[in-house]
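Undergrad: In this note's numbering, the protein residues as written are 568 to 651. Quick reminder that beta carbons are idealized off the backbone N, C-alpha and C, glycines included. Dumping the structure here so I can ask a few things about it.
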């Protein structure tokens, strides 16, 4: 992902540097979300598993429904397929 989005495109390094210059250290936008190669190289399989368990959970999900729908039927389906 990092190589595809930042390392293998002509503007990738410029985007990272511009972002770092635009926001001060400590600001959430100072670093790109994917992290640096040093961060990725240092991550272990257990780090990835812990991240997945923490953030890829139902309480972090958002379901958006758009279109010409019947709200009552849609809520019933949401409860059926996503309710606890």
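Could you check whether the Cβ of residue 617 sits closer than 7 Å to any heavy atom belonging to the ligand MN?
TA: Among the components of this structure there are no ligands whatsoever, and the ligand MN is therefore not found.
Undergrad: Can you grab the Cα-Cα spacing for the pair residue 622 / residue 616, in whole Å?
TA: Looking at the two C-alpha atoms, the distance is approximately 10 Å.
Undergrad: Three-state secondary structure (DSSP) at residue 606?
TA: In the structure shown, residue 606 sits in a helix (DSSP, three-state: H, G or I).
Undergrad: With respect to the alpha helix (DSSP H) encompassing residue 589, which residues constitute its N-terminal and C-terminal limits?
TA: Here the alpha helix (DSSP H) through residue 589 covers 579-589.
Undergrad: Among residues of its own chain, excluding the 5 on either side of residue 641, which ones have a beta-carbon nearer than 7 Å to its beta-carbon?
TA: Once the five neighbours on either side are set aside, the close Cβ partners of residue 641 are 632.
Undergrad: Closer than 8 Å by C-beta to residue 572: which residues in its own chain qualify, once you throw out the five before and the five after it? Chain order, please.
TA: Answer for residue 572: 579, 601, listed in chain order.
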